[in-house]
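Student:
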Amino acid sequence: MCKMTLYQCLFVLVILLKDVFALKDVVLTIRPEVVERGSFATLICSYDLEGATLYYVKWYRGMHEFYRYTPSERPTTKIFPIDTINVDVYRSNATQAVLTDIDFKLSGNFSCEVTTDEEPASTETAVQSMLVVQLPEFFPTISVGRDPLDYGDVLRANCTSPPARPAAKLKFFLNDLLVASTPPLSPRRSQEVLWSDLNLELPLHEYHFMQGKLVLRCVAQVAGIYHEEAVLVLPSLRDPVPAKVSADDSARLAPGELILQVLFVLIAGVLY
1 MCKMTLYQCL FVLVILLKDV FALKDVVLTI RPEVVERGSF ATLICSYDLE
51 GATLYYVKWY RGMHEFYRYT PSERPTTKIF PIDTINVDVY RSNATQAVLT
101 DIDFKLSGNF SCEVTTDEEP ASTETAVQSM LVVQLPEFFP TISVGRDPLD
151 YGDVLRANCT SPPARPAAKL KFFLNDLLVA STPPLSPRRS QEVLWSDLNL
201 ELPLHEYHFM QGKLVLRCVA QVAGIYHEEA VLVLPSLRDP VPAKVSADDS
251 ARLAPGELIL QVLFVLIAGV LY
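Under full-length UniProt numbering, the sequence shown has 90 at position 90, and the numbering climbs by one with no breaks.
(1) On the DSSP bridge assignment, give the partners of Asp103 in chain order.
(2) Less than 7 Å separating the Cβ of Ser143 from some heavy atom of the ligand HEM?
(3) Apart from the five residues just before and just after Ala223, which ones in its own chain have a Cβ nearer than 7 Å to its Cβ?
(4) Ordered along the chain, which non-local residues of its own chain (more than five positions away) have a Cβ less than 8 Å from that of Asp249?
(5) Could you check the C-alpha separation between Glu124 and Pro162 for me, to the nearest Å?
(6) Taking buried to mean at least 16 other C-beta atoms within 10 Å of its own C-beta, is Ala121 buried or exposed?
(7) Using a 10 Å radius around the Cβ and a threshold of 16 neighbouring Cβ atoms, would you call Tyr67 buried or exposed?
(8) Tell me whether Phe138 is buried or exposed, calling it buried when 16 or more other Cβ atoms sit within 10 Å of its Cβ.
(9) Thinking C-beta only, is Leu23 closer than 8 Å to Tyr47?
(10) How would you call Lys169, buried or exposed, if buried means at least 16 neighbouring beta carbons within 10 angstroms?
(11) Does the Cβ of Glu191 have 16 or more other Cβ atoms within 10 Å, making it buried, or fewer, making it exposed?
(12) Could you check where the beta strand (DSSP E) with Tyr56 kicks off and where it finishes?
(13) Which whole-angstrom value describes the C-beta separation of Glu206 and Ala220, a residue pair presumed to lie in contact below a C-beta threshold of 8 Å?
(14) When you compare the CB positions of Glu49 and Cys112, do they come within less than 8 Å of one another, or not?
(15) Sort Gly152, Ser143, Leu237 by Cα distance to Asp197 and report the nearest one.
(16) Across which residues does DSSP place Phe139 in a beta bridge pair?
(17) Under the three-state reduction of DSSP, which class applies to Glu228: helix, strand or coil?
(18) Ignoring anything shorter than 3 residues or poking outside the segment 110-168, list the beta strand (DSSP E) runs there in chain order.
(19) Give the secondary structure of Ser190 by DSSP, where H, G and I count as helix, E and B as strand, and everything else as coil.
(20) Please report whether the beta-carbon of Ser236 lies at a distance below 8 Å from any beta-carbon of chain D.
(21) Who are Ser181's beta bridge partners in DSSP?
(22) Just the Cα atoms here: how many angstroms apart are Arg156 and Ala180?
(23) In the DSSP assignment, find the beta strand (DSSP E) that holds residue 281 and state where it starts and stops.
(24) What separation, rounded to the nearest whole angstrom, lies between the Cα atoms of Cys218 and Pro183?
(25) How would you call Ser92, buried or exposed, if buried means at least 16 neighbouring beta carbons within 10 angstroms?
(26) DSSP has Leu214 in a bridge; who is on the other side?
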């Protein structure tokens with residue numbers, strides 16, 4: 001027999017039932033996290049209803065709702081028009097919202113909110129960030145003086161990568177040794193579409209020529225999803241010079257040929 005009042009007993013029962021049908025493990029995953037401008041992304045909202053009934057799932061960009069799934073309504077999906085957000089309703093459902101033709105303005109936080117149809121209702125929210133980028137249209141290029149290089153010379157070179165957002169990070173490697181890199185962009189400039197340039201002025205020492213040649217490489221990277229490079233083999237006065245073959249050397253006979261000629265003369269003398 002319950003020693004509490006009826007109200008207290010009902011309250012405890014509700015709490016116990018809420019634990020039994022507790023919504024949990026709400027997670028938002030954006031694939032891919034780094035999205036190329038003009039492409040699409042899938043916002044996956046996973047959750048465990050623990051036996052409860054789903055009331056609705058809402059998707060937000062910042063504080064603005066743009067898509068809702070309500071299984072008890074017809075149609076089950078509802079789109080809330082927001083500038084630059086394009087929802088593919090045919091590929092969106094209770095666990096995912098597919099966005100197409102993505103623009104730079106969508107960089108930032110997205111969230112999904114899951115609510116159960118129980119009394120009292122349970123609501124959980126998950127948040128994830130998206131980064132929208134523009135990749136360079138062409139590979140990086142290297143320009144450098146063409147005169148053969150030697151100890152004590154200064155190697156002057158430039159690497160250029162086409163416009164990107166954020167601008168490509170550039171690195172110079174000489175014979176796989178890092179010799180220069182671009183400084184980090186300020187947050188303001190990272191929101192612009194920018195060319196990337198990296199200049200190199202490097203005094204050359206004997207150890208630079210230890211591999212017998214100078215290989216200059218420029219690597220361009222953007223947001224962990226773009227990696228391209230340009231490679232240039234530089235002319236050097238320390239390049240190996242092929243051995244010269246003189247006319248006298250070509251006239252000399254190999255030992256085997258000399259022995260054969262001597263034997264031929266001896267045999268001819270015996271026969272005649």
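For glycine and all other residues, C-beta sits at the position ideal for the given N, C-alpha and C.
Tutor: Inspection of the coordinates gives the following:
(1) Taking the sequence shown and counting its residues from 1, the one referred to as residue 103 is at position 103. The secondary-structure analysis by DSSP pairs Asp103 with nothing; it has no beta-bridge partner.
(2) In the structure on display, the ligand HEM does not appear, and there are no ligands present to speak of.
(3) Taking the first residue of the sequence shown as 1, we reach residue 223 at position 223. For Ala223, where only same-chain residues beyond five positions count, the Cβ hits under 7 Å are Val34, Leu131, Val133, Pro166.
(4) Walking along the sequence shown from the start, residue 249 turns up at place 249. Because Asp249 carries a pLDDT of 46, less than 50, the predicted location of this residue cannot be relied on, and the following value inherits that uncertainty. Within the same chain, no residue comes within 8 Å of Asp249 by CB-CB distance, once the 5 residues on both sides are set aside.
(5) Stepping through the sequence shown from its first residue, residue 124 is reached at position 124. Stepping through the sequence shown from its first residue, residue 162 is reached at position 162. Those two C-alpha atoms are separated by around 44 Å.
(6) Reading the sequence shown from its first residue, position 121 is the one you call residue 121. A residue is called buried once 16 or more other Cβ atoms fall within 10 Å of its Cβ, and Ala121, having fewer, is exposed.
(7) If you number the sequence shown from 1, residue 67 lands on position 67. So Tyr67 counts as buried.
(8) What you label residue 138 is simply residue 138 of the sequence shown in a count that begins at 1. Exposed is the call here.
(9) If you number the sequence shown from 1, residue 47 lands on position 47. If you number the sequence shown from 1, residue 23 lands on position 23. Contact: yes.
(10) Residue numbering aside, residue 169 sits at position 169 when the sequence shown is read from its first letter. So Lys169 counts as buried.
(11) Within the sequence shown, residue 191 is the residue found at index 191, counting from 1. What sits at residue 191 in the sequence shown is Gln, not Glu. Counting the other CB atoms within 10 Å of its CB gives Gln191 a total below 16, which places it among the exposed residues.
(12) Here residue 56 corresponds to residue number 56 of the sequence shown, with the count starting at 1. Segment 54-61, the beta strand (DSSP E) holding Tyr56.
(13) Counting from one through the sequence shown, the residue named residue 206 turns up at place 206. Counting from one through the sequence shown, the residue named residue 220 turns up at place 220. No, Glu206 and Ala220 are not in contact; Cβ-Cβ is about 30 Å, not under 8 Å.
(14) Translated into the one-based positions of the sequence shown, residue 49 becomes position 49. Translated into the one-based positions of the sequence shown, residue 112 becomes position 112. Here residue 49 turns out to be Leu, not Glu, going by the sequence shown. No, they are not a contact pair.
(15) Here residue 197 is taken as the residue at index 197 of the sequence shown, counted from 1. Among Gly152, Ser143, Leu237, the Cα nearest to that of Asp197 belongs to Ser143.
(16) Here residue 139 is taken as the residue at index 139 of the sequence shown, counted from 1. Under the DSSP definition of a beta bridge, Phe139 lacks any partner.
(17) Numbered from its first residue, the sequence shown carries residue 228 at position 228. Three-state result, Glu228: strand.
(18) Segments of the beta strand (DSSP E) lying fully in the segment 110-168: 123-133, 141-144, 154-164.
(19) Sequence index remark: in the sequence shown, residue 190 carries index 190 (1-based). Ser190 falls in the helix class under three-state DSSP.
(20) The chain labelled as chain D is not found in the depicted structure, where only one protein chain is given.
(21) Here the question's residue 181 lines up with position 181 in the sequence shown. Bridge partners of Ser181: Lys171.
(22) Within the sequence shown, numbered from 1, the residue matching residue 156 stands at position 156. Within the sequence shown, numbered from 1, the residue matching residue 180 stands at position 180. Roughly 12 Å separates the two Cα atoms.
(23) This structure gives no information on residue 281, because the portion of the chain shown stretches from 1 to 272.
(24) Reading the sequence shown from its first residue, position 218 is the one you call residue 218. Reading the sequence shown from its first residue, position 183 is the one you call residue 183. Spanning the two alpha carbons is a distance of roughly 15 Å.
(25) Within the sequence shown, the letter at position 92 stands for residue 92. Buried: at least 16 other Cβ atoms inside 10 Å.
(26) Against the sequence shown, residue 214 aligns to sequence position 214. According to DSSP, Leu214 bridges with Leu234.
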